[in-house]
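So the protein lines, in turn, are chains A and B. Mind the numbering: the first sequence is residues 1 to 252 in my numbering, read in order. Mind the numbering: the second sequence is residues 1001 to 1591 in my numbering, read in order. Beta carbons are placed, not taken as given, at the ideal position from N, Cα and C, and that holds for glycine.
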Amino acid sequence: MTETINIMRHESVFNPTDHPYPIHVIGAGATGSRVFAALVELGISDIHVYDDDIVEDHNLANQIYTVHDINQEKVEGCRHFAEQKLGAVPDTMYFRNRKVTPDYIAAGGVSGGVVFILTDTMDSRRNIFTALQRRCIPSENSITDSSAIRNAPMLIIETRMGSTHGNIFTINPFDSIACKAWKETLVDDTDEDAIELSPCGTALSVGTTASLIANYAVWQMMQFFVDPVGLQPQVDVFFKPTLTITAPAIAA
Amino acid sequence: MATDDVITEEHIQQIRQPMNEPPSHFPNGPTQYRQELINNLRQQVQIDFNAIENRYIGHLYNARAAYNATEHETRTGEYIRQLITERLITENMERIAMPHITGTTTTDTTLFTNVQTTPIHQPPIMDPEELNRLLREADAPDVPPMAPPTANDTESLIAQLYENTEAAVPANNTRPLRPFVIQQDTQAAELRTLRATYPDAVTGRDLQISANQALTEDRDTIFLMLKRINHVKAALFMKYEAPMKYRAAAQEIINNQFSSFQRRQISDLQNIRHHNIYQDAVTQIHRFREQRRTYVEEQERYGSQQARYHQQTAMIRQRPNVPKEINLQAIIDTVSQWENIWGVSVRNLEGNAIQICIGLCNIVMEESATETRYTYPAAIRLAPFYFTINLNATGQFVCRSGNRNAVGLSRNNSGRLEYDFHPHQLSDTPCFGTFGQSLIDMATHGDMISLINGIIAFYSQYNSQDSAGIAAMYYHPASEEFARPITPTDMVSSYISRFQEWRSHSVDADKLRKAIADYLTYFQEEQAVEAPTLANAMFCANCEENPVSDDDTYYTPEDGNGRVCASCWEERYCGDCEYHIDDCHCEPDNY
């Protein structure tokens, strides 16, 4: 039984022990569950997963869960994945069956580290982001007041996904201009033109697309730790045809 | 408890009766000795109060006496203790061979051979010549300083060092120490490094907010000014445009809104633009526009850098401290081998902290200023001393002065062992000066060997340009300000006993003695060397205290009377005529 993974194959590229920060994954759906899986395989153990949904049979096509996880909480499915991958779940992994709300954040939840916002509505993205950004606003003393800055997110990564394309936004929450630009990219949840729907009315989701977007998002995190100079705040990925567009700043 | 041990009323009455002593027509030695013994016995009595049983219990040798206080006891605790004391003494007087008072002096010393009492205090019998000398010194207004030691004095002192060496050699104690782990707190050092890589504008005002938010105060000021202008405009309109029948009411409103001075101003104006508040508002608006433009430029140039700086600060602040176990025994083993170390002692403290005491010898202070303020850059040896490092689990260290922490040969106090053995060893903690940050960084990394080395380096220098280091010249043996050394055997015993108090220590007593002997020899030989003094020292012509050399701030009075320091110039000299205020050459005010 072991709680750690042998990282010798990628240690020279990314060594998680050099970056001992908590990673928060808000949303354990198509992208979130695959982000979690990628983090575990990277050897990161300080992971916090938040989701209040349960696994359904149609989730098996695009999420990491197995048939044994159906009708279980999604965070439990993540725990099972970690257990099967590592043999035992590290004490530093937390699986929270709950929705992340601004009140929860104001009460101290989602503290510090890197935050992946991978929820399923624009509204929730906006609310969570705004609540987290409040921690990055200077206090009466200064932004570098140690008690406040210990809880502030150092990086926020947010993804959106269609069937054949996706966007990965990497935002410095201390940069007000970047934050404002990102907020302007949010569309209305009721905008039918912005969301692809299947014939039965549910949002389209392709497993391979989700996998690529999720791993791209994790690569953004790795880039932030290893070589932040080359980090592109906005990445637009298309698979039909294949095209990747990066931007040095987020464009509305 | 036996009933006869309890003080009763009968006992109290007995105690109150005077002791039956035979009258003595001759207040002689036995009477005095007896009284002294009784006084000593009183001091030997120990009384405890049992709050549960509400009882006072006294002890004197093997005797006991108790007093049961009632619930409504009226006698004070002090009185009760006095009763118990007298009861015990009365009982014990039968056991002690008191001298029999016969009215003549007794010389029978066998009376006291088996008595277990404290020695009777007697004033020391002094040599009459010594007494006369002390009296002369007390009367003489200028007591001459002690003569510097001669070669014979030094040899005699050194000889004393090596007497009874067997009793003074301690056994080095190697009891195991508890493991000590510190959480290396390197955040402060990392933040300093980070700060140095960014321009100053990044740590100034917040560039993440809008210009209006950043200049809120200035905007509010302008709004107030505009509001005032509108009031004045309304007042002018009312004054000049209101129909006659409304003029009185309009005037009343003006009277209520403006002061008499403002009303006069308004009444003198035909046009608001001539009013000074209008001019002020225009000026303020121009200024605000300039500030806004500057802010926007600064935001464009430094805003993203500032955001990145804050982000990196968050990364530093959120990185957990890396624990490091410090091998305390290795510190003792390593440091005790150094050439200038005579002792190392370590102990664990409550609350996960440690204390390390280092004994140093043969330390020579060298001038560290690039340009000395002395007549020559003297190398001044220090007598053996020790200092103590307190280190806690977060890597914070403190190196206090104060006796028992940092102790050496005092410069000021007649050769006593105190903390003022080094010019930079100040009253509360040593002023590490430029050494300070490096030492802090070493401590937060748990690098104890480097820390100890760094502190030794600190003690091995002085800076005559420094306000504290300038006193180093007084530590030269030939300086008249230096108090003479103490008896060296006291130094040895005091130091060794201090180091032996802690569970793990290593002391080289022979090295310590030799170092003291070497110092005594050095001290005596250096009497022939001229002590360093301030080069070209000039002092204020007024106060004669503050230096006014070429490197200091000074003023030259008009009368050419030397140089005057800045504080005296401000207080005692006229800034206009540059003469002393008592000789001021300025015309009187009513001219």
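Taking Cβ-Cβ distances shorter than 8 Å, what residues in chain B pair up with residue i?
{"i": "glycine 43/A", "result": "The contacting residues do not exist; glycine 43/A stays about 17 Å from chain B at best."}
{"i": "glycine 113/A", "result": "Gln1318"}
What does residue i reach in chain B if we use C-beta pairs closer than 7 Å?
{"i": "alanine 152/A", "result": "Ala1314"}
{"i": "isoleucine 149/A", "result": "Thr1313, Ala1314, Arg1317"}
{"i": "proline 138/A", "result": "Asp1206"}
Output, in chain order, the set of chain A residues within a Cβ distance shorter than 8 Å of residue i.
{"i": "arginine 1319/B", "result": "Pro20, Tyr21"}
Tell me where the alpha helix (DSSP H) around residue i begins and ends.
{"i": "isoleucine 1449/B", "result": "1448-1459"}
{"i": "arginine 179/A", "result": "A small correction: the amino acid at residue 179/A is cysteine; arginine does not occupy that position in the sequence shown. Note, cysteine 179/A: alpha helix (DSSP H), 176-183."}
{"i": "leucine 132/A", "result": "122-133"}
{"i": "arginine 1498/B", "result": "1488-1500"}
{"i": "tyrosine 1579/B", "result": "Element bounds for tyrosine 1579/B: n/a, residue is neither H nor E."}
{"i": "isoleucine 105/A", "result": "102-106"}
{"i": "methionine 1225/B", "result": "1216-1241"}
{"i": "isoleucine 1254/B", "result": "1244-1257"}
{"i": "arginine 1192/B", "result": "1187-1196"}
Cα-Cα, which of the options is closest to residue i?
{"i": "threonine 1592/B", "options": "Tyr1079/B, Ile1038/B, Ile1047/B", "result": "Because residue 1592/B is not part of the residues shown, which for chain B are 1001 to 1591, the question remains open."}
{"i": "arginine 1373/B", "options": "Ala1314/B, Cys1568/B, Met1538/B, Ala1406/B", "result": "Met1538/B"}
{"i": "phenylalanine 239/A", "options": "Lys180/A, Asp227/A, Asp175/A, Ser163/A", "result": "Ser163/A"}
{"i": "asparagine 1412/B", "options": "His1476/B, Tyr1309/B, Phe1458/B, Tyr1056/B", "result": "His1476/B"}
{"i": "lysine 1511/B", "options": "Tyr1162/B, Leu1060/B, Leu1041/B, Tyr1056/B", "result": "Tyr1162/B"}
{"i": "glutamate 1594/B", "options": "Gln1465/B, Val1335/B, Gly1395/B, Gly1433/B", "result": "Here chain B has residues from 1001 to 1591 only, and residue 1594/B is not among them."}
{"i": "proline 20/A", "options": "Gln1284/B, Leu1207/B, Gln1318/B", "result": "Gln1318/B"}
{"i": "phenylalanine 36/A", "options": "Tyr65/A, Pro228/A, Thr208/A, Asn151/A", "result": "Tyr65/A"}
{"i": "alanine 249/A", "options": "Val67/A, Val49/A, Gly230/A, Pro241/A", "result": "Gly230/A"}
{"i": "isoleucine 177/A", "options": "Ile1470/B, Gln1306/B, Arg1075/B, Ala1281/B", "result": "Gln1306/B"}
{"i": "threonine 190/A", "options": "Asp120/A, Pro102/A, Phe224/A, Pro233/A", "result": "Asp120/A"}
{"i": "glycine 1351/B", "options": "Phe1499/B, Gln1329/B, Pro1179/B, Pro1557/B", "result": "Pro1179/B"}
{"i": "tyrosine 1067/B", "options": "Glu1078/B, His1059/B, Ile1084/B, Tyr1061/B", "result": "Ile1084/B"}
{"i": "leucine 86/A", "options": "Ile44/A, Asp188/A, Phe116/A", "result": "Ile44/A"}
{"i": "glutamate 56/A", "options": "Leu42/A, Leu39/A, Lys74/A, Tyr50/A", "result": "Lys74/A"}
{"i": "tyrosine 1474/B", "options": "Phe1432/B, Asp1185/B, Ile1316/B, Thr1533/B", "result": "Thr1533/B"}
Could you work out which residues of chain B lie near residue i, taking near to mean beta carbons separated by less than 9 Å?
{"i": "aspartate 175/A", "result": "Gln1208, Gly1303, Ser1304, Gln1306, Ala1307, Arg1308, His1310, Gln1311"}
{"i": "asparagine 172/A", "result": "Ser1304, Ala1307, Arg1308, His1310, Gln1311"}
{"i": "proline 241/A", "result": "Those within 9 Å of proline 241/A in chain B number zero; the least Cβ separation is about 33 Å."}
Check the C-beta distance from residue i over to residue j and give it rounded, since I have them as a contact under 8 Å.
{"i": "asparagine 1546/B", "j": "cysteine 1574/B", "result": "Their Cβ separation, rounded to whole angstroms, is 19 Å, which puts asparagine 1546/B and cysteine 1574/B out of contact at 8 Å."}
{"i": "lysine 180/A", "j": "arginine 126/A", "result": "Not a contact, Cβ separation roughly 12 Å."}
{"i": "glycine 1354/B", "j": "valine 1364/B", "result": "According to the sequence provided, residue 1354/B is isoleucine. The question's glycine does not apply to it. Actually they are not in contact, since the Cβ atoms of isoleucine 1354/B and valine 1364/B sit about 29 Å apart, beyond 8 Å."}
{"i": "alanine 30/A", "j": "methionine 161/A", "result": "7 Å"}
{"i": "leucine 1520/B", "j": "isoleucine 1158/B", "result": "6 Å"}
{"i": "methionine 93/A", "j": "isoleucine 47/A", "result": "5 Å"}
{"i": "leucine 1207/B", "j": "threonine 1313/B", "result": "The Cβ separation is near 15 Å, so there is no contact."}
Specify, as a first and last residue, the run of the beta strand (DSSP E) that residue i falls within.
{"i": "valine 114/A", "result": "114-117"}
{"i": "isoleucine 171/A", "result": "165-171"}
{"i": "proline 1384/B", "result": "Taken as a continuous stretch (DSSP letters only), proline 1384/B belongs to no beta strand (DSSP E), as it is neither H nor E."}
{"i": "valine 1507/B", "result": "1504-1507"}
{"i": "isoleucine 1356/B", "result": "1353-1360"}
{"i": "tryptophan 1342/B", "result": "1341-1349"}
{"i": "leucine 243/A", "result": "242-247"}
{"i": "phenylalanine 1432/B", "result": "Careful: phenylalanine 1432/B lies outside any beta strand (DSSP E) and carries neither H nor E."}
{"i": "asparagine 1068/B", "result": "1063-1068"}
{"i": "threonine 159/A", "result": "155-161"}
{"i": "aspartate 236/A", "result": "234-239"}
{"i": "tyrosine 50/A", "result": "47-50"}
{"i": "isoleucine 213/A", "result": "Not the beta strand (DSSP E): isoleucine 213/A falls in the alpha helix (DSSP H), residues 207-226."}
{"i": "arginine 1572/B", "result": "Per DSSP, arginine 1572/B belongs to no beta strand (DSSP E); it is in the alpha helix (DSSP H), 1566-1572."}
{"i": "valine 1181/B", "result": "1180-1184"}
{"i": "methionine 1365/B", "result": "1364-1367"}
{"i": "leucine 1060/B", "result": "1055-1060"}
Check whether the Cβ of residue i sits closer than 7 Å to any heavy atom of the ligand ZN, and report yes or no.
{"i": "phenylalanine 238/A", "result": "Of the ligands one can find in the structure shown there are none, so the ligand ZN has no counterpart to examine."}
Shorter than 8 Å from the beta carbon of residue i to some beta carbon of chain D?
{"i": "serine 1260/B", "result": "Given the protein chain composition of this structure (A and B), no chain D is represented."}
Inset, instruction - Give, in chain order, every unbroken run of the alpha helix (DSSP H) that is at least 4 residues long and sits entirely within the region 1261-1331 of chain B. - result: 1276-1318
Legend entry - Runs of beta strand (DSSP E) lying entirely within the region 8-93 of chain A, each at least 3 residues, in chain order: 23-26, 47-50
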